[in-house]
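Heads up, the thing below is written out as C-alpha coordinates.
Numbering (our numbering), first residue to last: 109 to 301.
Right, dumping it as C-alpha coordinates:
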(Lines of atoms letter the chains of each structure in order from A and count residues from 1; the text may use other names and numbers.)
(Lines give C-alpha, C1' and ligand atoms only; values in the text may rest on other atoms or scores of the structure.)
Protein backbone atom coordinates (compact mmCIF):
# COMPACT_ATOMS: atom_id res chain seq x y z
CA UNK A 1 0.00 0.00 0.00
CA UNK A 2 2.84 2.38 0.90
CA UNK A 3 4.53 1.63 -2.43
CA UNK A 4 1.31 2.37 -4.32
CA UNK A 5 0.88 5.70 -2.48
CA UNK A 6 4.49 6.64 -3.18
CA UNK A 7 4.13 5.83 -6.89
CA UNK A 8 0.82 7.74 -7.08
CA UNK A 9 2.35 10.77 -5.39
CA UNK A 10 5.38 10.63 -7.72
CA UNK A 11 3.08 10.47 -10.77
CA UNK A 12 1.01 13.44 -9.57
CA UNK A 13 4.15 15.51 -8.99
CA UNK A 14 5.42 14.64 -12.48
CA UNK A 15 2.07 15.57 -14.04
CA UNK A 16 2.13 18.92 -12.24
CA UNK A 17 5.70 19.59 -13.35
CA UNK A 18 5.10 18.72 -16.98
CA UNK A 19 1.56 20.12 -17.33
CA UNK A 20 1.72 22.62 -20.16
CA UNK A 21 -1.03 24.44 -21.99
CA UNK A 22 -1.01 24.80 -25.77
CA UNK A 23 -2.48 27.86 -27.45
CA UNK A 24 -3.04 28.29 -31.19
CA UNK A 25 -3.00 31.62 -32.99
CA UNK A 26 -6.33 33.03 -34.06
CA UNK A 27 -5.06 34.25 -37.40
CA UNK A 28 -8.13 36.32 -38.33
CA UNK A 29 -7.95 38.24 -35.03
CA UNK A 30 -4.17 38.70 -35.10
CA UNK A 31 -2.51 41.60 -36.90
CA UNK A 32 1.01 42.23 -38.23
CA UNK A 33 1.78 45.74 -39.51
CA UNK A 34 5.05 46.67 -41.22
CA UNK A 35 6.75 50.02 -41.76
CA UNK A 36 9.72 50.57 -44.10
CA UNK A 37 11.37 53.97 -44.37
CA UNK A 38 13.49 55.62 -47.02
CA UNK A 39 15.12 59.04 -47.33
CA UNK A 40 12.10 60.50 -49.15
CA UNK A 41 9.35 58.92 -47.02
CA UNK A 42 8.00 55.51 -46.10
CA UNK A 43 5.66 52.68 -47.00
CA UNK A 44 3.53 50.70 -44.60
CA UNK A 45 1.15 47.81 -44.73
CA UNK A 46 0.05 44.49 -43.34
CA UNK A 47 1.02 40.85 -43.61
CA UNK A 48 -0.94 37.84 -42.40
CA UNK A 49 -0.06 35.28 -39.80
CA UNK A 50 -0.48 31.83 -41.36
CA UNK A 51 -0.26 29.87 -38.11
CA UNK A 52 1.21 29.98 -34.65
CA UNK A 53 1.44 27.97 -31.47
CA UNK A 54 2.82 28.52 -27.99
CA UNK A 55 3.25 26.19 -25.02
CA UNK A 56 2.89 27.73 -21.58
CA UNK A 57 3.60 26.50 -18.09
CA UNK A 58 2.24 28.99 -15.59
CA UNK A 59 3.76 32.29 -16.74
CA UNK A 60 6.61 30.83 -18.76
CA UNK A 61 6.61 30.33 -22.51
CA UNK A 62 8.20 26.92 -23.01
CA UNK A 63 8.03 26.89 -26.80
CA UNK A 64 6.63 29.09 -29.56
CA UNK A 65 6.59 29.21 -33.33
CA UNK A 66 4.82 31.56 -35.73
CA UNK A 67 4.59 31.22 -39.51
CA UNK A 68 3.99 34.32 -41.65
CA UNK A 69 2.34 34.18 -45.07
CA UNK A 70 4.70 36.27 -47.22
CA UNK A 71 2.31 36.14 -50.17
CA UNK A 72 -0.27 38.12 -48.16
CA UNK A 73 1.85 41.30 -47.97
CA UNK A 74 -0.21 44.46 -48.55
CA UNK A 75 0.67 48.14 -48.83
CA UNK A 76 -1.83 50.43 -47.05
CA UNK A 77 -0.35 53.90 -47.58
CA UNK A 78 -0.88 54.08 -51.36
CA UNK A 79 -4.35 54.84 -52.71
CA UNK A 80 -3.36 54.70 -56.39
CA UNK A 81 -4.24 51.10 -57.33
CA UNK A 82 -1.65 50.76 -60.10
CA UNK A 83 1.22 52.13 -58.00
CA UNK A 84 0.10 49.99 -55.06
CA UNK A 85 0.27 46.83 -57.21
CA UNK A 86 3.71 47.88 -58.45
CA UNK A 87 5.06 48.27 -54.90
CA UNK A 88 3.58 44.93 -53.76
CA UNK A 89 4.98 43.21 -56.85
CA UNK A 90 8.42 44.66 -56.12
CA UNK A 91 8.27 43.57 -52.46
CA UNK A 92 7.42 40.02 -53.60
CA UNK A 93 10.24 39.99 -56.17
CA UNK A 94 13.78 38.69 -55.66
CA UNK A 95 14.92 42.26 -54.89
CA UNK A 96 13.14 41.88 -51.57
CA UNK A 97 11.37 38.77 -50.23
CA UNK A 98 11.47 36.39 -53.24
CA UNK A 99 7.97 35.17 -52.44
CA UNK A 100 7.74 32.73 -55.38
CA UNK A 101 10.48 30.67 -53.75
CA UNK A 102 10.08 31.65 -50.08
CA UNK A 103 6.37 31.75 -49.33
CA UNK A 104 6.68 31.85 -45.55
CA UNK A 105 8.83 33.44 -42.86
CA UNK A 106 9.18 31.91 -39.40
CA UNK A 107 9.80 33.13 -35.86
CA UNK A 108 10.77 30.39 -33.38
CA UNK A 109 11.57 30.82 -29.69
CA UNK A 110 15.18 29.88 -28.87
CA UNK A 111 14.75 29.28 -25.12
CA UNK A 112 11.94 29.34 -22.52
CA UNK A 113 11.14 32.77 -21.13
CA UNK A 114 9.12 33.99 -18.14
CA UNK A 115 6.57 36.79 -18.40
CA UNK A 116 5.85 36.98 -14.65
CA UNK A 117 5.76 40.80 -14.77
CA UNK A 118 3.59 40.94 -17.90
CA UNK A 119 6.44 41.29 -20.36
CA UNK A 120 9.41 39.29 -21.59
CA UNK A 121 12.64 39.76 -23.49
CA UNK A 122 12.23 37.29 -26.34
CA UNK A 123 15.18 35.57 -28.02
CA UNK A 124 14.05 33.95 -31.24
CA UNK A 125 15.28 32.65 -34.57
CA UNK A 126 13.83 34.57 -37.51
CA UNK A 127 13.89 32.90 -40.92
CA UNK A 128 13.37 35.03 -44.04
CA UNK A 129 14.30 33.85 -47.55
CA UNK A 130 15.63 30.61 -46.08
CA UNK A 131 18.17 32.51 -43.93
CA UNK A 132 17.91 32.14 -40.15
CA UNK A 133 19.25 34.80 -37.77
CA UNK A 134 18.73 35.39 -34.03
CA UNK A 135 16.68 38.41 -33.00
CA UNK A 136 15.77 39.93 -29.65
CA UNK A 137 12.71 42.01 -28.80
CA UNK A 138 10.53 42.97 -25.85
CA UNK A 139 6.96 41.63 -25.81
CA UNK A 140 3.99 42.48 -23.62
CA UNK A 141 2.17 39.23 -22.81
CA UNK A 142 -1.24 38.92 -21.23
CA UNK A 143 -2.58 35.53 -20.11
CA UNK A 144 -6.34 35.37 -19.69
CA UNK A 145 -8.52 32.36 -18.83
CA UNK A 146 -8.51 30.74 -22.29
CA UNK A 147 -6.53 33.28 -24.28
CA UNK A 148 -3.07 34.79 -24.60
CA UNK A 149 -2.32 38.19 -26.14
CA UNK A 150 1.15 39.11 -27.38
CA UNK A 151 2.11 42.65 -28.43
CA UNK A 152 5.56 43.62 -29.66
CA UNK A 153 7.45 46.04 -31.87
CA UNK A 154 10.18 44.20 -33.74
CA UNK A 155 13.00 45.94 -35.61
CA UNK A 156 14.54 43.83 -38.37
CA UNK A 157 17.72 44.52 -40.35
CA UNK A 158 16.74 43.27 -43.81
CA UNK A 159 20.36 43.05 -44.99
CA UNK A 160 20.91 40.12 -42.58
CA UNK A 161 18.55 38.19 -44.86
CA UNK A 162 20.29 39.15 -48.11
CA UNK A 163 17.77 41.91 -48.90
CA UNK A 164 20.17 44.60 -50.09
CA UNK A 165 18.15 46.47 -52.71
CA UNK A 166 18.52 50.24 -52.23
CA UNK A 167 20.71 49.81 -49.15
CA UNK A 168 23.24 52.56 -48.50
CA UNK A 169 25.32 49.99 -46.62
CA UNK A 170 26.04 48.13 -49.87
CA UNK A 171 25.63 50.65 -52.69
CA UNK A 172 27.13 54.10 -53.21
CA UNK A 173 25.52 57.15 -54.84
CA UNK A 174 21.90 56.09 -54.20
CA UNK A 175 21.03 59.60 -53.08
CA UNK A 176 17.31 60.01 -52.37
CA UNK A 177 16.64 56.45 -53.56
CA UNK A 178 18.23 55.01 -50.40
CA UNK A 179 15.98 52.66 -48.42
CA UNK A 180 16.93 52.20 -44.78
CA UNK A 181 18.19 48.77 -43.76
CA UNK A 182 15.86 48.39 -40.79
CA UNK A 183 12.12 47.93 -41.02
CA UNK A 184 9.60 47.59 -38.20
CA UNK A 185 6.86 45.07 -37.56
CA UNK A 186 4.13 45.82 -35.02
CA UNK A 187 2.78 42.51 -33.72
CA UNK A 188 -0.64 41.94 -32.14
CA UNK A 189 -1.27 38.21 -31.79
CA UNK A 190 -4.21 36.53 -30.10
CA UNK A 191 -3.99 32.83 -29.22
CA UNK A 192 -6.64 30.54 -27.77
CA UNK A 193 -6.69 27.04 -26.20
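Ideal placement from N, C-alpha and C gives every residue a C-beta, glycine not left out.
Inclusion of residue 173 and residue 216 in the CB contact set at 8 Å is warranted, their separation being smaller than that value.
The three-state secondary structure of residue 284, taken from DSSP, is helix. Assignment of residue 189 by DSSP, reduced to helix, strand and coil, places it in the helix class. When the five nearest sequence neighbours on each side are left out, the beta carbons in the same chain lying within less than 6 Å of the beta carbon of residue 236 are those of 213 and 269, in order along the chain. Put simply, the backbone Cα of residue 176 is about 19 Å away from that of residue 163.
Residue state for residue 154 is assigned as strand, using DSSP reduced to three classes. As a beta-bridge residue in DSSP terms, residue 293 pairs with 142 and 262. Residue burial annotation: residue 198 is exposed, with fewer than 16 other C-beta atoms found within 10 angstroms of its C-beta. Residue pairing by DSSP places residue 168 opposite 165 and 222 in a beta bridge. Among the bridge pairs identified by DSSP, residue 159 is matched with 175. By the Cβ test, the region 248-259 is not in contact with the region 179-197, since fewer than three Cβ pairs between them sit closer than 8 Å. The bridge partners DSSP lists for residue 244 are 231. CA-to-CA, the gap between residue 152 and residue 143 works out to about 4 Å. Just measuring C-alpha positions, the residue of 301, 277, 282 and 264 sitting nearest residue 295 is 264. Spatial neighbours of residue 148 in its own chain (CB-CB distance under 6 Å, excluding positions within 5 residues in sequence) are listed in chain order as 284. In the DSSP assignment, residue 129 falls within the beta strand (DSSP E) that extends over 129-133.
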